[in-house]
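Worksheet: the structure to be examined is printed underneath.
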Amino acid sequence: DAPRLRRLLDEGGVAGVPLFDVLREGGFGLDFLIYKPQGSARARLAADERVKTFSTREELAALLRAGRFDAVYSEFFFDDRLTSAGKAQFSLPFFSMGAAGAARTLDRLASLCGWPFYRRYASAWEGRDAA
Numbered sequence: 110d111a112p113r114l115r116r117l118l119d120e121g122g123v124a125g126v127p128l129f130d131v132l133r134e135g136g137f138g139l140d141f142l143i144y145k146p147q148g149s150a151r152a153r154l155a156a157d158e159r160v161k162t163f164s165t166r167e168e169l170a171a172l173l174r175a176g177r178f179d180a181v182y183s184e185f186f187f188d189d190r191l192t193s194a195g196k197a198q199f200s201l202p203f204f205s206m207g208a209a210g211a212a213r214t215l216d217r218l219a220s221l222c223g224w225p226f227y228r229r230y231a232s233a234w235e236g237r238d239a240a
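Okay, so the sequence shown: first residue is 110 according to my numbering, each after it adds one.
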């Protein structure tokens, strides 16, 4: 939602971690699936980033399934919406401090994106209701 996106886009990032800047500098592309975007939050996204909006759970599920991305940032522990779409999940604890931590973080994210587990077993989650 828009307030959460504004917090993520804030210069201080989340808990002092500039998530999007780290991902961009690490060479990762960014896609945004936004629930009812509002005003300035959307305007601050870089031109090369893909923005798609949704207003229903079904639209979100379709966007997740169709997305060419392999991993999704989510603040929900074990987000079934991602699992059922065959996407891996990461969150703030994935990020480590310092230069060595940044390198470790980017290596972990690259490994996560290449791990086929969620794509391979997504069909096992089809039809399950997410909590």
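From the three backbone atoms N, C-alpha and C, an ideal C-beta is built for every residue, glycine too.
Quick caveat, the model's predicted, so the values are computed rather than measured.
In three-state DSSP terms, what is Leu128? helix
Sheet register partners of Ser172 (DSSP bridge): In the sequence as displayed, the identity of residue 172 is Leu instead of Ser. Paired residues: none, contrary to the question.
Is it right to say Ser232 is buried, meaning 16 or more other beta carbons lie within 10 angstroms of its own, or is it exposed? exposed
Check Ala194 in the structure and name its three-state DSSP category. coil
Considering only DSSP beta bridges, list what Thr162 is partnered with. Ile143
Decide if Ser241 is buried, meaning its Cβ has at least 16 other Cβ atoms within 10 Å, or exposed. Residue 241 lies beyond the residue range present for the chain, which begins at 110 and ends at 240; the question has no answer from this structure.
Taking Cβ to Cβ, would you say Leu128 is nearer than 9 Å to Leu117? yes
Looking at Val181 and Asp188, is the spacing between their C-beta atoms short of 9 Å? yes
Top-ranked residue by Cα proximity to Leu215, from Tyr230, Phe199, Arg229: Phe199
For Ala124, which of Arg159, Pro202, Gly223 has the nearest alpha-carbon? Pro202
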